[in-house]
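Okay, structure first, notes after.
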Amino acid sequence: MGATVTAEGGSAMGLGARAAFTLVPLAALVLVLTLASQVDLPFVWSVPWAPALGVDLALHVDGLALLMLLMITGIGTAVFVYAGGYLAGHPQQQRLYVLLVMFMIAMIGCVTADHVIVLFVFWELTSLTSFLLVGFDHEKPASRKSAQQALMVTGTGGLALLAGLLLLWQALGTPSLIGIVQALPSAPPSAELTAALLLILVGAFTKSAQFPFHFWLPNAMAAPTPVSAYLHSATMVKLGVYLLARLDPGFGDWPLWEWALKVAGSITAAWGMALALRERDLKRILAWSTVATLGTLVMLVGLRGEGATIAVGALLLAHALYKAPLFFVAGNIDHGTGTRVIDRLGNLRHAMPWTAAAALLAGASMAGMPLSFGYIAKDVILEAKSTTDVFAFASAANTVFGAIAVAVAGVAAVRVFWRHPGVNETVEAHEGGAALVGPPLVLALVGVALGLFPFFAQDLIAAASVAMTPGTEAVALELAVAVGPALGSLAVTLAIGAAIYAFWDPLHRGFERFGAWLGHFGMAAQYERSLLAIPRVAAACTRALQHGRLPAYALLIVATVAVSIAVPLGLWIASARAPWPAAGTASPGFIGSWRRTSP
């Protein structure tokens, strides 16, 4: 089927065109599976890219990169199928597919890049494509504003990341990420390395929505649901976690690194889940729970020990397998009812039975129920916490995260499908087609299958764990359905989560009042104030500098020249080291020119 012209003046894609685009992530998934089964890891490949600048297109695939690649291509295939049904007949559907392909390529480049410049190029390409995808409905002011905010925060963080990576290159003498990780433990601490560490943390925290940069992610829910499920749940927002996990073997012994990850991750986990209670839009509720999960991942990266790396790998996979289906569920509800506000939804299981089944399966994994891979992930997280030094606030934050996760799963999987909240405006609700119900069901069933047979995932997670602790022997990992402490912890979490679910509406009213105060003093408000301050500062600078008085202009020029000379001279005197280049033999070209011009 070809494209058809719509009333809006665009062209809607036919089934054949949508299938052709879907083959792109599917082919990438098959290639990744082939690589995993036939090539020994790590797989290294390099080709000169910009030799004059010392930049090679260097790729490195180990267990951690393989785990990310499987999520990028596997979830990507489901997203491409889902987008065909969700935006069927949309005049700009082809533009969405093109942007999704570009984003997937950028993500693959990020997780396989071994050169700091190559990493930065793909890193910023993810920010650019995210900007275009969040602002897909660019005729809506809210979409444009959310896209601008996402680009401002993640793009600025990307520049900080570039500065940090260049400092590491200069300090350690290698542009290779793997070489940097190997050289860092033996490098003596210095101001240069400390600055690099802080700049890299800013870059990773902005990308993964860590406190205090957490506010942009829920606002990015202005994007279409396929974009939210792909970028802001399963892949892009985990780039920061991936980079932290990649560099953790090098910086892991630095107290500043360890405590920054523990503190920022714990605050983000607790704060993100608490803010979920403010929301009534199902997608925004899921978005805040994603922020909290990212915080938990960052906190786990900051923990020491083999168990922590196993927990990072397990939670990365489990979260992708339950959160992407839940975003699909939210999209199906919006598509079938015209709203995502939970107060207007109830008893949807009758009109949307397949979506209800997917929500129930994915929600069980999110809540950490037995026989789901989410339960396996929570078990290994509990094991990691018990075998390492975790301060009290981190434990409390994880408890808050786990309990409210149960409540959020209840809202997404029980409240809107199995409970009548008193006001039901969904009499016209209807189920979507196969492209809408198939992807969430398949992903949710994979999460259940890995919960029943976790040994299918244990080699992948073990390989990712070894990649996060290079130099160690292969991890003898046996994921199993645990009993005892895990079930005891689950019972406590379920009890607290059930109480939060039961009192969701009163808690929401309390947090809504608190949100009014937060609207004046929160980080989102500070961001808005900083944008408003830019033209004011520019106007003040213009008034101060462009006043039309020539003597003042001359004085400013003289002062600028004096400072330009004094600062380098002062640094040279302070270092007591003359910056003159060593004398060497002149080049033949220079000698020939001198001879021709000599009398």
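Mapping the sequence shown onto this note's numbering, position 80 (from 1) lands on 629, and the numbers just tick up by one. Heads up, the beta-carbon is just placed ideally off N, CA and C, and yes, glycines get one too. Quantities reported herein were computed from a predicted structural model and do not represent experimental measurements.
Straight-line CA distance for residue i to residue j?
{"i": "Asn768", "j": "Ser676", "result": "15 Å"}
{"i": "Ile885", "j": "Val1041", "result": "Residue identity differs from the one stated: residue 885 is Gly in this sequence, not Ile. Their Cα atoms are separated by approximately 36 Å."}
{"i": "Leu766", "j": "Met785", "result": "11 Å"}
{"i": "Phe966", "j": "Trp837", "result": "21 Å"}
{"i": "Gln697", "j": "Leu910", "result": "35 Å"}
{"i": "Gly565", "j": "Leu831", "result": "33 Å"}
{"i": "Ala1016", "j": "Ile891", "result": "42 Å"}
{"i": "Leu668", "j": "Gly862", "result": "21 Å"}
{"i": "Ile624", "j": "Trp1121", "result": "55 Å"}
{"i": "Leu578", "j": "Met653", "result": "11 Å"}
{"i": "Lys787", "j": "Leu717", "result": "22 Å"}
{"i": "Ala1023", "j": "Asp1008", "result": "Below a pLDDT of 50, predicted positions are generally treated as unreliable, and Ala1023, at 49, falls in that range; the measurement from the model is reported next regardless. Between Ala1023 and Asp1008, the C-alpha separation is close to 10 Å."}
{"i": "Ala568", "j": "Ala778", "result": "19 Å"}
{"i": "Leu509", "j": "Ala740", "result": "For residue 509 there is no data in the structure shown, the boundaries of the chain being 550 and 1148."}
{"i": "Thr622", "j": "Ala900", "result": "32 Å"}
{"i": "Thr626", "j": "Ala1088", "result": "49 Å"}
{"i": "His639", "j": "Ile1083", "result": "38 Å"}
{"i": "Glu1061", "j": "Arg827", "result": "5 Å"}
{"i": "Val1116", "j": "Ile727", "result": "36 Å"}
{"i": "Asp1054", "j": "Val588", "result": "53 Å"}
{"i": "Pro1100", "j": "Gln1075", "result": "39 Å"}
{"i": "Leu608", "j": "Ala599", "result": "15 Å"}
{"i": "Glu688", "j": "Ala771", "result": "12 Å"}
{"i": "Leu748", "j": "Ala809", "result": "12 Å"}
{"i": "Val790", "j": "Ile1010", "result": "15 Å"}
{"i": "Leu849", "j": "Thr858", "result": "7 Å"}
{"i": "Leu875", "j": "Gly912", "result": "7 Å"}
{"i": "Pro761", "j": "Ser1079", "result": "14 Å"}
{"i": "Leu636", "j": "Leu1105", "result": "58 Å"}
{"i": "Phe754", "j": "Pro798", "result": "18 Å"}
Identify every residue that forms a DSSP beta bridge with residue i.
{"i": "Val610", "result": "Phe592"}
{"i": "Pro1117", "result": "Answer is none; Pro1117 lacks a bridge partner."}
{"i": "His664", "result": "Ser725"}
{"i": "Val890", "result": "Asp830"}
Between residue i and residue j, how many whole angstroms is the CB-CB distance? I'm expecting something under 8 Å.
{"i": "Met562", "j": "Ala869", "result": "With 8 Å as the limit, Met562 and Ala869 do not qualify as a contact, their Cβ atoms being about 27 Å apart."}
{"i": "Val847", "j": "Gln731", "result": "About 23 Å separates the two Cβ atoms, so there is no contact after all."}
{"i": "Gly844", "j": "Glu807", "result": "Going by Cβ atoms, the distance from Gly844 to Glu807 rounds to 16 Å, so no, they are not a contact pair."}
{"i": "Ala907", "j": "Ala958", "result": "Not quite, the Cβ-Cβ distance comes to about 13 Å (not below 8 Å), so this is no contact."}
{"i": "Leu613", "j": "Ala1013", "result": "5 Å"}
{"i": "Ser692", "j": "Val683", "result": "7 Å"}
{"i": "Val878", "j": "Pro989", "result": "6 Å"}
{"i": "Ser914", "j": "Gly821", "result": "Ser914 to Gly821, Cβ: 19 Å. No contact."}
{"i": "Gly752", "j": "Gly706", "result": "5 Å"}
{"i": "Ala1047", "j": "Val955", "result": "7 Å"}
{"i": "Phe685", "j": "Val776", "result": "7 Å"}
{"i": "Ser725", "j": "Asp663", "result": "5 Å"}
{"i": "Pro902", "j": "Glu977", "result": "About 16 Å separates the two Cβ atoms, so there is no contact after all."}
Mapping the DSSP letters down to three states, classify residue i as helix, strand or coil.
{"i": "Pro597", "result": "strand"}
{"i": "Arg567", "result": "helix"}
{"i": "Asp830", "result": "strand"}
{"i": "Ala802", "result": "In the sequence as displayed, the identity of residue 802 is Asp instead of Ala. Residue state, collapsed to three classes: coil."}
{"i": "Leu792", "result": "helix"}
{"i": "Ala1111", "result": "helix"}
{"i": "Asp605", "result": "strand"}
{"i": "Lys689", "result": "coil"}
{"i": "His899", "result": "coil"}
{"i": "His979", "result": "coil"}
{"i": "Leu636", "result": "coil"}
{"i": "Met918", "result": "coil"}
{"i": "Leu875", "result": "helix"}
{"i": "Pro989", "result": "helix"}
{"i": "Gly1000", "result": "helix"}
{"i": "Pro761", "result": "coil"}
{"i": "Gly684", "result": "coil"}
{"i": "Thr784", "result": "coil"}
{"i": "Val1030", "result": "In this predicted model, Val1030 has a pLDDT of only 49, less than 50, meaning its place in the structure is not dependable; the value taken from the coordinates is given anyway. Here Val1030 sits in coil by DSSP."}
{"i": "Gly706", "result": "helix"}
{"i": "Gly623", "result": "helix"}
{"i": "Gln641", "result": "coil"}
{"i": "Met562", "result": "coil"}
Give the range of the alpha helix (DSSP H) segment to which residue i is assigned.
{"i": "Met915", "result": "902-915"}
{"i": "Lys756", "result": "740-756"}
{"i": "Gln1075", "result": "1072-1094"}
{"i": "Phe1005", "result": "1004-1017"}
{"i": "Pro775", "result": "774-778"}
{"i": "Leu767", "result": "One point to set straight first is that residue 767 is Pro, not Leu, in the sequence displayed. Per DSSP, Pro767 belongs to the alpha helix (DSSP H) from 765-768."}
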